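K.L.:
Heads up, the sequence shown is in the UniProt record's numbering, so the first residue is 1 and it goes up one at a time. Backbone N, C-alpha and C fix where the C-beta goes; we use that ideal spot for every residue, glycine too. Note that the coordinates shown come from a computational prediction; the quantities given were computed from them, not determined experimentally.
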Amino acid sequence: MIRDQFSVVMHRTILELQGISCIEIEQSPKAKKQIIASRSFGQKVYSCDDLKEAITLYVQDAVSRLRSENLLCGCIISFVQSNPFDSSEPFYNKSLSYALPDPSDNSLLLSKIATSMIDQLYQKNIGFKKCGVILTCLEPKATHIYDLFTDMNKIESSNKLMDSLDDIQNKFGKRKIGLGASMLPDRNWNMSHNKLSPNYFKWDQLMSVK
Numbered sequence: 001m002i003r004d005q006f007s008v009v010m011h012r013t014i015l016e017l018q019g020i021s022c023i024e025i026e027q028s029p030k031a032k033k034q035i036i037a038s039r040s041f042g043q044k045v046y047s048c049d050d051l052k053e054a055i056t057l058y059v060q061d062a063v064s065r066l067r068s069e070n071l072l073c074g075c076i077i078s079f080v081q082s083n084p085f086d087s088s089e090p091f092y093n094k095s096l097s098y099a100l101p102d103p104s105d106n107s108l109l110l111s112k113i114a115t116s117m118i119d120q121l122y123q124k125n126i127g128f129k130k131c132g133v134i135l136t137c138l139e140p141k142a143t144h145i146y147d148l149f150t151d152m153n154k155i156e157s158s159n160k161l162m163d164s165l166d167d168i169q170n171k172f173g174k175r176k177i178g179l180g181a182s183m184l185p186d187r188n189w190n191m192s193h194n195k196l197s198p199n200y201f202k203w204d205q206l207m208s209v210k
């Protein structure tokens, strides 16, 4: 009778209220499968060092999100590409991946791996328009079990270092401390400012009424 008058969802809800279980409860949210950090450059980038600076910043952004969700990364992918809409030169688009022996959330380690991949991905005389990093093979940090050969002292030191970096960034801001030159302003690879949305929390970007 109820099913004839109401939808299937309403029917199941009424049965649940009567103590009859028919709606599956998701015990825990599905873990994120990957984290991507990538931006297009404000202008073409021809320098390998510039690509390394950019990828270092993107790794830090990705790791920040990784740590905020208490996850570990088991594999990192770095990619670079030129402008697919520029007919003056052939399109270049390549990537490399690296599987970590032990999953990690250490931005220094992951940045070192990512920049070493840039050395392999870089090609002279190519105007790169974009690069990025993908953290994948993610798993909850709380449930990961290290094997007997893992140097737990090294893991503990890594955790303390990253906790200290988190404390500094939480207190002074994420752009106050970083790796290498990745946080310096006005880099060749920075996103073009005319593509950025205004930040109305800054005095110099507040809208004016005339």
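Can you list the beta strand (DSSP E) stretches of 3 or more residues lying completely in the stretch 83–114, in chain order?
P.N.:
93–104
K.L.:
Three or more C-beta pairs closer than 8 Å, one from the stretch 78–98 and one from the stretch 138–157: is that the case here?
P.N.:
no
K.L.:
Using CA coordinates, which residue listed in S158, N93, G42, S40 is at the minimum distance from D102?
P.N.:
The count along the sequence shown starts at 1 and reaches residue 102 at position 102. The shortest Cα separation from D102 among S158, N93, G42, S40 belongs to S158.
K.L.:
Give the secondary structure of L161 by DSSP, where H, G and I count as helix, E and B as strand, and everything else as coil.
P.N.:
As a first step, residue 161 must be located in the sequence shown, where it is residue number 161. L161: helix per DSSP, three-state reduction.
K.L.:
Can you list, in chain order, the residues of its chain with a C-beta nearer than 6 Å to that of P84? Leave out the 5 residues immediately preceding and following it.
P.N.:
As a first step, residue 84 is located in the sequence shown; it is residue number 84 there, counting from the start. Excluding sequence neighbours, P84 sits near F91.
K.L.:
Buried or exposed for M152, please, with buried defined as at least 16 other CB atoms from any protein chain shown within 10 angstroms of its CB.
P.N.:
Reading the sequence shown from its first residue, position 152 is the one you call residue 152. Exposed, because fewer than 16 other Cβ atoms sit within 10 Å of the Cβ of M152.
K.L.:
Nearest by alpha-carbon distance to D119: which of Y46, A37, E69, I155 is it?
P.N.:
By one-based count along the sequence shown, residue 119 stands at place 119. Ranking Y46, A37, E69, I155 by Cα distance to D119 puts Y46 first.
K.L.:
Alpha carbon to alpha carbon, how far is L165 from L108?
P.N.:
For this step, residue 165 is matched to residue 165 along the sequence shown. For this step, residue 108 is matched to residue 108 along the sequence shown. Going from the Cα of L165 to the Cα of L108 covers about 11 Å.
K.L.:
Quick one: give me the first and last residue of the beta strand (DSSP E) that L148 is part of.
P.N.:
On the sequence shown, position 148 is the one that residue 148 refers to. It is not in any beta strand (DSSP E) - L148 carries neither H nor E in the DSSP assignment.
K.L.:
Assuming K129 contacts Q81 under a Cβ cut-off of 8 Å, what Cβ separation, rounded to an integer in Å, is found between them?
P.N.:
As a working note, residue 129 is residue 129 in the sequence shown. As a working note, residue 81 is residue 81 in the sequence shown. About 6 Å; that satisfies the 8 Å criterion.
K.L.:
Buried or exposed for E156, going by 16 or more other Cβ atoms inside 10 Å?
P.N.:
Position 156 of the sequence shown holds residue 156. So E156 ends up on the exposed side.
K.L.:
Tell me whether G56 is buried or exposed, calling it buried when 16 or more other Cβ atoms sit within 10 Å of its Cβ.
P.N.:
In the sequence shown, the residue the question calls residue 56 occupies position 56. Sequence check: residue 56 is Thr here, not Gly. T56 is buried by the Cβ-count criterion.
K.L.:
Shortest alpha-carbon distance to I77 belongs to which of L71, Y58, N70?
P.N.:
Locating residue 77 in the sequence shown gives position 77, counting from the first residue. Nearest option by C-alpha distance: Y58.
K.L.:
Who are L135's beta bridge partners in DSSP?
P.N.:
Locating residue 135 in the sequence shown gives position 135, counting from the first residue. Beta-bridge pairing by DSSP links L135 to I35, I76.
K.L.:
Is the beta carbon of G132 sitting closer than 8 Å to the one on F79?
P.N.:
Sequence index remark: in the sequence shown, residue 132 carries index 132 (1-based). Sequence index remark: in the sequence shown, residue 79 carries index 79 (1-based). Yes. Within cutoff.
K.L.:
Helix, strand or coil for Q60? Go by DSSP, reduced to three states.
P.N.:
Mapped onto the sequence shown, residue 60 falls at position 60. Under the three-state reduction of DSSP output, Q60 falls in the helix class.
K.L.:
Which whole-angstrom value describes the C-beta separation of C75 and T136, a residue pair presumed to lie in contact below a C-beta threshold of 8 Å?
P.N.:
Your numbering for residue 75 matches position 75 in the sequence shown. Your numbering for residue 136 matches position 136 in the sequence shown. That pair is a contact at about 5 Å.
K.L.:
Do you know offhand how far G42's Cα is from K160's?
P.N.:
Here residue 42 refers to the residue found at position 42 when the sequence shown is read from its first residue. Here residue 160 refers to the residue found at position 160 when the sequence shown is read from its first residue. In a straight line, the C-alpha of G42 is about 36 Å away from that of K160.
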